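Peer 1:
2 protein chains.
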Amino acid sequence: MSPHAADPHAVGERIRCPRLRDRVVSAEEAAGHITDGMMVGMSGFTRAGEAKAVPVALAARARHAPFSITLVTGASLGNDLDKQLAEAHVLARRMPFQADPTLRRAINAGEVMFIDQHLSETVEHLRTDQLGPLDVAVVEAVGITADGGIIPTTSVGNSASFAILAKKVIVEINLSQPMALEGLHDIYIPTRRPFREPIPVVSAQSRVGLPFIPVPPEKIAAIVITEKRDSASTVLPPDAETAAIAGHLMGFLEREVSKGRLTTSLQPLQAGIGTIANAVMTGFIDSPFHDLTMYSEVLQDSTFDLFDAGKLTFASGSSITLSETRGEQVMEAIARYKPHLILRPQEISNHPEVIRRLGIIAINTALEFDLYGNVNSTHVGGTHMMNGIGGSGDFARNAYLSVFVTKSVARNGTLSCVVPMVSHVDHTEHDVDVVVTENGLADLRELAPRERARAILDACVHPLYRDALQDYYDRALSRQGHTPHLIEEALSWHSRVRETGSMLAPTQAAAQ
Amino acid sequence: MSPHAADPHAVGERIRCPRLRDRVVSAEEAAGHITDGMMVGMSGFTRAGEAKAVPVALAARARHAPFSITLVTGASLGNDLDKQLAEAHVLARRMPFQADPTLRRAINAGEVMFIDQHLSETVEHLRTDQLGPLDVAVVEAVGITADGGIIPTTSVGNSASFAILAKKVIVEINLSQPMALEGLHDIYIPTRRPFREPIPVVSAQSRVGLPFIPVPPEKIAAIVITEKRDSASTVLPPDAETAAIAGHLMGFLEREVSKGRLTTSLQPLQAGIGTIANAVMTGFIDSPFHDLTMYSEVLQDSTFDLFDAGKLTFASGSSITLSETRGEQVMEAIARYKPHLILRPQEISNHPEVIRRLGIIAINTALEFDLYGNVNSTHVGGTHMMNGIGGSGDFARNAYLSVFVTKSVARNGTLSCVVPMVSHVDHTEHDVDVVVTENGLADLRELAPRERARAILDACVHPLYRDALQDYYDRALSRQGHTPHLIEEALSWHSRVRETGSMLAPTQAAAQ
Numbered sequence: 013m014s015p016h017a018a019d020p021h022a023v024g025e026r027i028r029c030p031r032l033r034d035r036v037v038s039a040e041e042a043a044g045h046i047t048d049g050m051m052v053g054m055s056g057f058t059r060a061g062e063a064k065a066v067p068v069a070l071a072a073r074a075r076h077a078p079f080s081i082t083l084v085t086g087a088s089l090g091n092d093l094d095k096q097l098a099e100a101h102v103l104a105r106r107m108p109f110q111a112d113p114t115l116r117r118a119i120n121a122g123e124v125m126f127i128d129q130h131l132s133e134t135v136e137h138l139r140t141d142q143l144g145p146l147d148v149a150v151v152e153a154v155g156i157t158a159d160g161g162i163i164p165t166t167s168v169g170n171s172a173s174f175a176i177l178a179k180k181v182i183v184e185i186n187l188s189q190p191m192a193l194e195g196l197h198d199i200y201i202p203t204r205r206p207f208r209e210p211i212p213v214v215s216a217q218s219r220v221g222l223p224f225i226p227v228p229p230e231k232i233a234a235i236v237i238t239e240k241r242d243s244a245s246t247v248l249p250p251d252a253e254t255a256a257i258a259g260h261l262m263g264f265l266e267r268e269v270s271k272g273r274l275t276t277s278l279q280p281l282q283a284g285i286g287t288i289a290n291a292v293m294t295g296f297i298d299s300p301f302h303d304l305t306m307y308s309e310v311l312q313d314s315t316f317d318l319f320d321a322g323k324l325t326f327a328s329g330s331s332i333t334l335s336e337t338r339g340e341q342v343m344e345a346i347a348r349y350k351p352h353l354i355l356r357p358q359e360i361s362n363h364p365e366v367i368r369r370l371g372i373i374a375i376n377t378a379l380e381f382d383l384y385g386n387v388n389s390t391h392v393g394g395t396h397m398m399n400g401i402g403g404s405g406d407f408a409r410n411a412y413l414s415v416f417v418t419k420s421v422a423r424n425g426t427l428s429c430v431v432p433m434v435s436h437v438d439h440t441e442h443d444v445d446v447v448v449t450e451n452g453l454a455d456l457r458e459l460a461p462r463e464r465a466r467a468i469l470d471a472c473v474h475p476l477y478r479d480a481l482q483d484y485y486d487r488a489l490s491r492q493g494h495t496p497h498l499i500e501e502a503l504s505w506h507s508r509v510r511e512t513g514s515m516l517a518p519t520q521a522a523a524q
Numbered sequence: 013m014s015p016h017a018a019d020p021h022a023v024g025e026r027i028r029c030p031r032l033r034d035r036v037v038s039a040e041e042a043a044g045h046i047t048d049g050m051m052v053g054m055s056g057f058t059r060a061g062e063a064k065a066v067p068v069a070l071a072a073r074a075r076h077a078p079f080s081i082t083l084v085t086g087a088s089l090g091n092d093l094d095k096q097l098a099e100a101h102v103l104a105r106r107m108p109f110q111a112d113p114t115l116r117r118a119i120n121a122g123e124v125m126f127i128d129q130h131l132s133e134t135v136e137h138l139r140t141d142q143l144g145p146l147d148v149a150v151v152e153a154v155g156i157t158a159d160g161g162i163i164p165t166t167s168v169g170n171s172a173s174f175a176i177l178a179k180k181v182i183v184e185i186n187l188s189q190p191m192a193l194e195g196l197h198d199i200y201i202p203t204r205r206p207f208r209e210p211i212p213v214v215s216a217q218s219r220v221g222l223p224f225i226p227v228p229p230e231k232i233a234a235i236v237i238t239e240k241r242d243s244a245s246t247v248l249p250p251d252a253e254t255a256a257i258a259g260h261l262m263g264f265l266e267r268e269v270s271k272g273r274l275t276t277s278l279q280p281l282q283a284g285i286g287t288i289a290n291a292v293m294t295g296f297i298d299s300p301f302h303d304l305t306m307y308s309e310v311l312q313d314s315t316f317d318l319f320d321a322g323k324l325t326f327a328s329g330s331s332i333t334l335s336e337t338r339g340e341q342v343m344e345a346i347a348r349y350k351p352h353l354i355l356r357p358q359e360i361s362n363h364p365e366v367i368r369r370l371g372i373i374a375i376n377t378a379l380e381f382d383l384y385g386n387v388n389s390t391h392v393g394g395t396h397m398m399n400g401i402g403g404s405g406d407f408a409r410n411a412y413l414s415v416f417v418t419k420s421v422a423r424n425g426t427l428s429c430v431v432p433m434v435s436h437v438d439h440t441e442h443d444v445d446v447v448v449t450e451n452g453l454a455d456l457r458e459l460a461p462r463e464r465a466r467a468i469l470d471a472c473v474h475p476l477y478r479d480a481l482q483d484y485y486d487r488a489l490s491r492q493g494h495t496p497h498l499i500e501e502a503l504s505w506h507s508r509v510r511e512t513g514s515m516l517a518p519t520q521a522a523a524q
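As they're listed, the protein sequences go chains A and B.
The working numbering puts the first residue of the first sequence at 13, with every later residue one more than the last.
The working numbering puts the first residue of the second sequence at 13, with every later residue one more than the last.
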């Protein structure tokens with residue numbers, strides 16, 4: 013028996029299926045099930061609940077005996093795992109999302125083939141054999157039920173379908189994740205086509221599945237005991253600009269209520285991961301809205317701030333990703349929060365069917381948007397991957413209201429986040445209802461492109477770039493067209509960054 | 013009583029609600045309900061089942077007494093109605109789709125504000141007061157039931173929600189549309205949020221609603237009797253290139269069957285409107301597939317060719333748009349086809365929930381696509397609107413398999429439909445699974461952008477442009493990035509068209 017399983021009492025409590033107790037092995041031994049060329053599915057979504065020991069063992073092994081795999085996860089991993097795996101050249105292919113600087117460099121250098129995919133779609137492709145077969149699933153758990161059911165930790169992500177569809181399953185039981193997480197998860201898997209039935213989720217609160225992942229115990233090939241914690245969130249606290257963005261959005265929503273389009277409880281909220289979306293959610297604390305619900309992917313600090321402020325009645329997500337302080341507080345008090353929380357498979361948290369049904373208000377972050385409301389949320393300069401589209405497309409396309417937020421400039425004002433034409437499109441004009449910067453909010457609903465351009469010029473663009481953008485638009489108008497552009501100049505702001513490091517005109521840059 | 017209602021017997025048969033019979037008026041009188049600044053919803057989807065008399069009366073009136081309205085329809089209108097309305101300057105705003113050359117010119121000149129919208133979304137916005145209020149609905153019908161229910165004709169489109177949500181309804185009873193159409197329609201309206209229930213459609217065959225539009229009879233302000241037929245489809249017969257496209261797709265689907273991913277009955281098929289998609293559907297006649305079903309928007313000649321060939325068991329759509337000959341045959345034999353047909357509101361035919369549930373194989377037409385599989389289906393040269401996105405986004409995003417088809421070149425080879433970067437994005441790389449030209453098919457599923465580029469260069473691009481595209485890609489690769497581009501050159505092919513009328517290099521163009 014592995015030295016990790018030194019406390020047989022703790023392990024016995026966590027593995028309630030007696031015949032699985034002899035499957036406990038070291039991470040190295042478990043990792044032995046994974047060999048060159050395999051497709052491996054691992055738990056982990058927005059730095060929460062990832063398998064923590066087997067990936068480290070894989071990277072260690074690859075350093076002296078090179079091999080590579082296709083790694084599929086829920087979303088991003090914590091604990092520098094993508095970094096270690098990329099540095100050890102374990103990753104031939106990676107999907108559907110990542111957020112690691114080292115892996116990002118390898119992707120942009122063409123060393124790792126990265127498939128940037130809507131988060132709701134990956135297991136749909138696996139289930140229909142368009143992707144796969146999946147050789148091994150590695151899933152973090154708080155424990156295993158008497159029947160062999162796997163109880164996830166701080167994320168569900170794609171873990172359920174990975175475990176169900178893989179030939180073999182490795183379970184990492186993490187003793188640092190409280191057993192009190194049991195009962196938080198709602199594992200529902202859509203029925204097979206052609207007899208697929210409606211997904212019965214009709215509100216954020218709907219419980220429609222099992223509190224564990226049902227897997228035949230004989231498929232569990234190895235169990236590893238770990239104690240490493242989730243990485244803390246890297247989200248920064250709100251600042252003046254993110255507070256201004258939140259303020260614009262609150263004002264807009266209040267006007268929607270006064271027009272009778274929304275009630276003061278709004279509709280279920282989704283917020284993308286990151287500093288700006290988190291800050292916007294924090295903005296609801298001092299708002300007139302109440303009895304709010306969330307139907308989102310990642311639940312961040314702001315979710316628990318809203319619970320504590322008495323603003324939020326229920327939150328459904330696929331993961332919980334918190335700062336260090338917040339993480340400790342929440343895990344200590346998890347029994348108190350649990351009646352108001354559900355974690356679902358990302359296929360269900362992000363499902364087009366449920367998103368359209370519930371009428372989600374979706375708030376996601378843009379890298380840049382253009383005069384006509386097209387949004388780039390993935391590519392720097394049109395070429396270099398940042399993180400990936402994540403769930404933003406799942407939500408934006410199907411939401412009741414699709415909001416994109418960004419600061420109006422980046423890199424000390426040398427980049428405008430409002431440009432003539434985005435250098436890469438992740439969300440088309442058809443899927444973007446509202447755009448917000450610290451300068452203001454443009455409501456693009458039911459507007460033609462020329463009207464959208466005027467709204468964005470009036471409200472969103474930074475003063476440093478307003479004249480240049482207005483000049484571009486005026487000259488583009490002279491060429492006519494439904495969506496006026498000077499096609500030879502449309503991406504010139506991005507070319508200028510390549511040449512000069514700034515989108516500012518040379519005279520302006522000199523004056524800065 | 014109007015002279016149009018000259019045959020009281022025919023009218024009596026069609027208007028079964030006796031107290032509505034005295035609402036029959038002339039088109040001019042009915043059009044009097046529509047005044048300057050109103051928002052008006054009219055029936056009509058892909059030239060089928062549009063209100064035919066009131067729009068003509070509106071255009072006639074505007075010629076001597078100018079006024080303008082916001083016109084919302086299902087999709088495109090037939091009988092040159094958009095042309096007449098545009099010429100008479102009746103249209104201040106128009107949504108969500110059109111396909112008329114005169115209106116297109118007015119849109120591109122900025123005279124008509126055109127909102128190019130996913131076809132599933134318009135009534136969702138109306139119902140939630142994001143769009144509207146709708147002053148008048150004008151709906152073509154074969155008749156009115158004893159309780160005042162409106163029985164649509166050859167399209168449902170948005171007619172049901174228009175009639176339900178408008179303050180007043182004008183019904184055009186078209187005597188040229190056979191009464192035998194009754195029973196073809198399935199009118200289901202999603203329940204109101206926050207208590208919206210799953211849409212119970214679980215197969216193309218599911219009948220879940222009423223065979224008529226339920227409207228309180230007192231809301232029917234006027235009835236107009238017409239006899240004008242639907243316009244015939246403008247779809248061209250298959251040619252060598254569209255047959256080659258169909259052949260590549262059939263070969264691909266056969267390989268999917270041999271891999272066990274699909275059965276020989278495939279999954280419900282959707283095909284966009286137009287010559288290429290219609291030709292591709294015709295390709296199923298001589299294929300090994302059988303017991304096919306369609307869950308689509310428009311049912312074209314090919315649908316009935318497939319019925320007659322014994323290949324198709326059921327077709328669900330939102331309209332029937334046929335060539336002149338096919339139209340006469342089908343309408344004569346409609347009783348025979350009816351058990352195998354359903355026409356639904358476009359909100360349901362195109363609903364993300366149903367499309368994802370059924371696992372649709374979606375086949376839509378691209379104007380151009382790029383090295384990485386981004387698709388432009390609306391904008392010529394990145395600026396000038398062709399028709400609109402229609403339902404292509406509703407289907408592409410949520411389909412099991414999202415296929416885009418186009419000939420590899422247009423305008424005698426002066427335009428390549430495979431370009432370094434599309435000049436406008438309607439469908440992002442994330443939503444495009446397969447692209448096909450007459451040269452070949454590229455299966456982009458689970459590929460990283462560099463792999464997609466190689467597949468597209470190998471299979472799709474026309475020989476005239478292959479070297480230039482390969483050269484662009486090779487030079488872009490030297491800059492690295494997840495999605496390699498020469499950002500200053502990415503749209504240069506489109507700039508060259510503006511300057512020289514051709515994407516060919518000047519030397520090549522001279523040699524042509």
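Where a beta carbon is used, it is the ideal one built from N, C-alpha and C, also for glycine.
Everything numeric in this text was worked out from a predicted model, so none of it was measured.
Have a look at Ser14(A) and Val213(A) and give me their C-alpha separation to the nearest angstrom.
Peer 2: Note on Ser14(A): pLDDT 43, under 50, position unreliable in the model; the coordinate value appears next. Roughly 42 Å between the two C-alpha positions.
Peer 1: Can you check whether the C-beta of Glu500(B) is within less than 8 Å of a C-beta belonging to chain A?
Peer 2: yes
Peer 1: Buried or exposed for Lys180(A), please, with buried defined as at least 16 other CB atoms from any protein chain shown within 10 angstroms of its CB.
Peer 2: buried
Peer 1: Could you check what DSSP says for Arg273(B) in three-state terms: helix, strand or coil?
Peer 2: coil
Peer 1: Would a check of beta-carbon distances place Ser215(B) closer than 8 Å to chain A?
Peer 2: yes
Peer 1: Looking only at its chain, what residues have a beta carbon closer than 6 Å to the beta carbon of Gln279(A), apart from the 5 residues adjacent to it on each side?
Peer 2: Gly371, Ile373, Tyr412
Peer 1: Taking 6 Å as the limit between beta carbons, can you name the residues of its chain near Ser335(B), skipping five residues before and five after?
Peer 2: Ala244, Ser245, Asp313
Peer 1: Can you tell me where the beta strand (DSSP E) with Asn376(B) in it begins and where it stops?
Peer 2: 373-377
Peer 1: Distance, Cα to Cα, Asp479(A) vs Val434(A)?
Peer 2: 18 Å
Peer 1: With a threshold of 7 Å, establish whether the CB of Val236(A) neighbours any heavy atom of the ligand FAD.
Peer 2: Here there are no bound small molecules, and the ligand FAD is not part of this structure.
Peer 1: For His357(A), name the three-state secondary structure that DSSP assigns.
Peer 2: Note that residue 357(A) is Pro in the sequence shown, not His. DSSP places Pro357(A) in strand when its eight states are reduced to three.
Peer 1: For the pair the region 466-478 of chain B and the region 398-409 of chain B, tell me if three or more CB-CB distances fall below 8 Å.
Peer 2: no
Peer 1: Does DSSP put Ile367(B) in a helix, a strand or coil?
Peer 2: helix
Peer 1: Are the region 251-263 of chain A and the region 214-223 of chain A touching, with three or more C-beta to C-beta distances below 8 Å?
Peer 2: no
Peer 1: Give a yes or no on whether 8 Å exceeds the smallest Cβ distance from Glu359(B) to chain A.
Peer 2: no
Peer 1: What does DSSP give as the partner residues of Asp382(A) in its beta bridges?
Peer 2: Val431(A)
Peer 1: From what residue to what residue does the beta strand (DSSP E) around Ile237(B) run?
Peer 2: 232-238
Peer 1: For Glu123(A), go through chain B and note every residue whose CB falls closer than 8 Å to its CB, in chain order.
Peer 2: Simply none; closest approach about 10 Å.
Peer 1: Which of helix, strand or coil does DSSP assign to Ile182(A)?
Peer 2: DSSP, reduced to helix, strand and coil, places Ile182(A) within a strand of the structure shown.
Peer 1: DSSP three-state call for Gln110(B): helix, strand or coil?
Peer 2: Assigned with DSSP and collapsed to three states, Gln110(B) falls in coil, not helix or strand.
Peer 1: Please report the distance separating the alpha-carbon of Ala460(A) from that of Arg491(A).
Peer 2: 17 Å
Peer 1: Can a CB atom of chain A be found closer than 8 Å to the CB of His21(B)?
Peer 2: With 8 Å as the cut-off, His21(B) does not count as an interface residue toward chain A.
Peer 1: So with CB distances below 9 Å, who are the chain D contacts of Arg139(B)?
Peer 2: Structure shown: chain D not included; protein chains present are A and B.
Peer 1: For my contact list, Val437(B) and Asn386(A) are in at a C-beta cut-off of 8 Å; report their separation, rounded to the angstrom.
Peer 2: 7 Å
Peer 1: State the Cα-Cα distance for the pair Leu103(B) and Pro357(B), rounded to the nearest angstrom.
Peer 2: 24 Å
Peer 1: Express the C-alpha separation of Leu222(B) and His497(B) in angstroms, rounding to a whole number.
Peer 2: 53 Å
Peer 1: Out of Val430(A), Leu456(A), Gly425(A), which has the shortest C-alpha to C-alpha gap to Cys472(A)?
Peer 2: Val430(A)
Peer 1: With distance defined between alpha-carbon atoms, name the residue in Ile163(B), Val247(B), Arg466(B), Arg208(B) nearest to Ala7(B).
Peer 2: Any question about residue 7(B) goes unanswered here, given that chain B covers just 13 to 524.
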